[in-house]
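Residue numbers (our numbering): 316 to 484. Below is one structure, written out as structure tokens; the observations come after it.
Spelled out as structure tokens, the structure:
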């Protein structure tokens, strides 16, 4: 299964987000984000490094992350990520698709206001319930509402190069 560097990096960004939502140690979250950044900025194909046994030569790619990359390349999936997704409510993962809502904000919204769905978040923004939370304000509410609109407008739309590649898989 051929995987592009960006696809592999996206998996590690997702792991970092899920670990952050779970409240894991910040150093673990940073390690996955650093690995993702390294992978997406590599000038060479990660699969080539894998085939040559040189994954561990990349700074920021330790034994654990190298094994995960190998599993992704060999199987096209990562059991560790699938298990993490089972531990975090799927709705929270969907909230993070909204521009302006990252793992920290999603967790605060869930813990402080019980918000788990896009509709609940939209309603809370319209009623001004977020502006009273630390790190939030009226501007945050407006930006989140815009983000929800953008997300809903883009549903079913794909970049032409992504659609083209997906059509040939």
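Ideal Cβ placement from N, Cα and C applies to all residues, glycine included.
In summary, residue 340 is exposed, with fewer than 16 beta-carbon neighbours lying within 10 Å of its beta-carbon over all protein chains present. It is roughly 13 Å from the alpha-carbon of residue 372 to the alpha-carbon of residue 363.
In the three-state reduction of the DSSP assignment, residue 337 falls in the helix class, which pools H, G and I.
Counting along the chain, residue 461 sits inside the alpha helix (DSSP H) bounded by residues 453-469. Within a 10 Å sphere around the beta-carbon of residue 383 sit 16 or more other beta-carbons, which makes this residue buried.
The straight-line gap separating the alpha-carbon atoms of residue 360 and residue 404 is approximately 33 Å.
Within the same chain, and ignoring the five residues on either side of residue 413 in sequence, the residues whose Cβ sits closer than 6 Å to its Cβ are 462, 463 and 466.
A distance of 9 Å or more separates the beta carbons of residue 348 and residue 365. Residue 406 has its alpha-carbon roughly 16 Å from the corresponding atom of residue 427.
Distance from the Cα of residue 395 is smallest, within the candidate group 344, 330 and 432, for 330. Using a 10 angstroms sphere on the CB of residue 358, the tally of other CB atoms stays under 16, which defines it as exposed.
Using a 10 angstroms sphere on the CB of residue 445, the tally of other CB atoms reaches 16 or more, which defines it as buried. Assigned with DSSP and collapsed to three states, residue 357 falls in coil, not helix or strand.
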